[in-house]
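According to our numbering, the stretch in the sequence shown is residues 385 to 485, in order.
Worksheet for the structure shown next.
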Amino acid sequence: RQEVARIGAEMNRYRTANKDILNSMRQAMNDQFDRWKFSPEEKRATKLIMQGLTFKEISGRLNKSEKTIRNQSLSIYEKAGMTGRHDLAAFFLLDILDIDE
385 RQEVARIGAE MNRYRTANKD ILNSMRQAMN DQFDRWKFSP EEKRATKLIM
435 QGLTFKEISG RLNKSEKTIR NQSLSIYEKA GMTGRHDLAA FFLLDILDID
485 E
């Protein structure tokens, strides 16, 4: 319990210290979603996919069938030219993490 509180406090410090950077990153991601021509529904699903939620969890949050979310994810990956959720997350994280390919 103390560990959860400590991590939560650390997360809040991180978010506060980097508020402007995080807002810029969020905007850059949304701009990329627009370049990929994601619908508003696809944008919402993409954010949940990138958070690591299962299709079942996403379908519950978005009040859609799991099959709809699976089909939507395939459309997302196709529009972005990615093969799956890991490629999609890596697209945004590689430059931030500064990992040599």
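Ideal Cβ placement from N, Cα and C applies to all residues, glycine included.
Counting every other CB atom within 10 Å of its CB across the protein chains shown gives residue 435 a total below 16, marking it as exposed. Taken through DSSP and simplified to helix, strand or coil, residue 482 comes out as coil. Residue 406 carries a helical assignment under DSSP once its states are collapsed to helix, strand and coil. Pairing residue 458 with residue 440, the inter-Cα distance amounts to about 15 Å. With fewer than 16 other Cβ atoms from the protein chains shown falling within 10 Å of its own Cβ, residue 412 counts as exposed. By the neighbour-count criterion, in which a residue is buried when 16 or more other Cβ atoms sit within 10 angstroms of its Cβ, residue 467 is exposed.
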